[in-house]
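Structure first, then comments.
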Amino acid sequence: MCMTHQWPLLLVGEGRNILFADAGVRGIVARIDWQQYVIEERSETLIADAGVRWSQLLPQLQVLGWAGLEFGIGIPGTLGAGLISNAGAHNRDLGQSLQWIDVLDARACNTGQYDVFVPLVERHYAREDLDLGYRHSRFRVHRATHIDTDGKLVFPSRQLIEPAEIVLRLALRLQRKYPHQIAALSHQYMQERQTQEPALPKTGPVFKDPTGSLAKDLIAQAGLGGKAIGNAKITEQNANYIANLGGATAQEILLLILMAHQHVLAQSGIDLLLNLEILGEWPVEQV
1 MCMTHQWPLL LVGEGRNILF ADAGVRGIVA RIDWQQYVIE ERSETLIADA
51 GVRWSQLLPQ LQVLGWAGLE FGIGIPGTLG AGLISNAGAH NRDLGQSLQW
101 IDVLDARACN TGQYDVFVPL VERHYAREDL DLGYRHSRFR VHRATHIDTD
151 GKLVFPSRQL IEPAEIVLRL ALRLQRKYPH QIAALSHQYM QERQTQEPAL
201 PKTGPVFKDP TGSLAKDLIA QAGLGGKAIG NAKITEQNAN YIANLGGATA
251 QEILLLILMA HQHVLAQSGI DLLLNLEILG EWPVEQV
């Protein structure tokens with residue numbers, strides 16, 4: 001049942017793909033923390049709760065000799081949140097392994113009628129129902145924040161419950177391999193990731209890669225590698241990440257994001273799309 005108060009409820013995985021304003025978010029923020037999974041050996045299928053973390057799952061699959069998700073080594077956060085953005089690396093993404101998901105449908109709670117109880121409905125979707133693509137699923141369509149040509153944030157309308165379809169569990173295809181084979185590929189992928197990502201605490205990837213280009217290259221070509229505002233810095237190693245040098249504020253990070261967007265737009269005419277969610281109460285001059 002939906003609650004009848006008007007405090008918004010925001011459900012997140014680990015929040016690794018979200019930049020929260022320094023002033024916080026109006027309402028209640030809750031973390032999806034279901035972390036059980038089972039492996040159906042006959043069908044070679046992993047059925048996992050949305051709160052299962054990549055960092056905990058992958059070493060366990062390796063020991064058991066189950067392959068297919070090694071591309072996720074080093075991806076922070078949870079499987080459920082990863083599906084929302086169709087997370088991936090090394091020319092693979094979560095959607096390529098997905099068979100089906102179960103969600104709790106709370107869309108009827110967002111009608112604005114707060115004086116009635118509305119039942120929540122559990123729904124089952126096949127992969128084909130989710131419009132999965134590069135860093136995209138249909139769950140992101142109405143939730144994305146954009147940056148306009150003037151460098152101002154354009155926020156989507158906020159709802160009582162977000163996301164309105166709450167991922168409960170996922171079914172993912174696996175394959176049998178020897179543990180040492182999985183370990184070797186995982187080690188290779190981790191080494192590749194370490195060459196691409198700064199070791200410092202960081203935000204990113206900030207932008208999606210546009211067709212035919214890499215966001216990190218466009219930002220670097222705009223002369224912004226190493227650019228700092230306060231304790232936040234666009235990293236030289238990968239300009240699509242912003243490092244926290246210690247005590248950086250969300251506003252400092254946001255100013256660098258807006259700067260990168262505007263410089264790339266002016267230099268190359270490419271309107272970079274955010275890969276992050278930007279949420280909360282921001283100073284008026286930023287929005």
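Position 271 (the sequence shown) corresponds to 271 in our numbering; numbering is contiguous. Here a beta-carbon is modelled for each residue, glycine too, at the ideal position from N, C-alpha and C. Just so it is clear, the structure is predicted and the values come from calculations on it, not from any experiment.
Does residue i come out as helix, strand or coil in the three-state DSSP assignment?
{"i": "Glu165", "result": "strand"}
{"i": "Ala222", "result": "coil"}
{"i": "Asp93", "result": "strand"}
{"i": "Glu236", "result": "coil"}
{"i": "Thr195", "result": "helix"}
{"i": "Thr4", "result": "Unreliable placement is indicated for Thr4, whose pLDDT of 47 sits below 50; the coordinate value is still reported in the next sentence. Residue state, collapsed to three classes: coil."}
{"i": "Lys177", "result": "coil"}
{"i": "Lys202", "result": "strand"}
{"i": "Ala243", "result": "strand"}
{"i": "Leu279", "result": "strand"}
{"i": "Ile270", "result": "coil"}
{"i": "Leu9", "result": "strand"}
{"i": "Ala184", "result": "helix"}
{"i": "Gln262", "result": "helix"}
{"i": "Leu172", "result": "strand"}
Determine the contact status of residue i and residue j, defining contact as a CB-CB distance below 9 angstroms.
{"i": "Ala67", "j": "Leu185", "result": "yes"}
{"i": "Asp105", "j": "Ala164", "result": "yes"}
{"i": "Pro210", "j": "Asn238", "result": "no"}
{"i": "Ala81", "j": "Leu274", "result": "no"}
{"i": "Leu272", "j": "Ala215", "result": "yes"}
{"i": "Leu218", "j": "Gln267", "result": "yes"}
{"i": "Pro179", "j": "Val63", "result": "yes"}
{"i": "Thr78", "j": "Leu174", "result": "no"}
{"i": "Gln99", "j": "Arg127", "result": "yes"}
{"i": "Gly212", "j": "Asn240", "result": "no"}
{"i": "Val154", "j": "Ile147", "result": "yes"}
{"i": "Ile73", "j": "Leu83", "result": "no"}
{"i": "Leu61", "j": "Ile182", "result": "yes"}
{"i": "Arg31", "j": "Glu14", "result": "yes"}
Using C-beta distances below 8 angstroms, list every residue in its chain close to residue i, excluding the 5 sequence neighbours before and after it, in chain order.
{"i": "Ile18", "result": "Val12, Leu276, Glu277, Ile278, Leu279"}
{"i": "His136", "result": "Ser85, Asn86"}
{"i": "Ile28", "result": "Trp7, Pro8, Leu9, Leu10"}
{"i": "Gln36", "result": "Ala48, Asp49, Val52"}
{"i": "Asp33", "result": "Gly51"}
Leaving out five residues before and five after residue i in sequence, what residues of the same chain have Cβ atoms less than 6 angstroms from its Cβ?
{"i": "Leu200", "result": "Ala243"}
{"i": "Pro76", "result": "Arg16"}
{"i": "Trp282", "result": "Ala21"}
{"i": "Ala222", "result": "His263, Val264, Gln267"}
{"i": "Leu130", "result": "Ser137, Arg138"}
{"i": "Ala108", "result": "Val118"}
Leaving out five residues before and five after residue i in sequence, what residues of the same chain have Cβ atoms less than 7 angstroms from its Cβ?
{"i": "Asn110", "result": "Gln159, Leu160, Ile161, Ala164"}
{"i": "Phe71", "result": "Gly88, Ala89, His90, Arg92, Tyr189"}
{"i": "Ile234", "result": "Ile219, Leu224, Gly225, Gly226, Lys227, Ile242, Leu256, Ala260"}
{"i": "Gln196", "result": "Asn238"}
Contact check, residue i vs residue j under 8 angstroms by CB: the rounded distance?
{"i": "Ser97", "j": "Leu69", "result": "6 angstroms"}
{"i": "Ile253", "j": "Arg169", "result": "Incorrect: roughly 33 angstroms between the Cβ atoms, too far for contact."}
{"i": "Ala248", "j": "Asn231", "result": "4 angstroms"}
{"i": "Gly65", "j": "Lys152", "result": "Not a contact, Cβ separation roughly 51 angstroms."}
{"i": "Leu132", "j": "Gly95", "result": "3 angstroms"}
{"i": "Tyr134", "j": "Lys208", "result": "7 angstroms"}
Residue ranges of each beta strand (DSSP E) run of no fewer than 3 residues wholly in the region 64 to 152, ordered along the chain? Complete beta strand (DSSP E) runs here, min 3: 98 to 105, 121 to 126.
Sequence ranges, alpha helix (DSSP H) only - wholly within the region 11 to 75, length at least 4: Counting only runs of 4 or more, we get 54 to 64.
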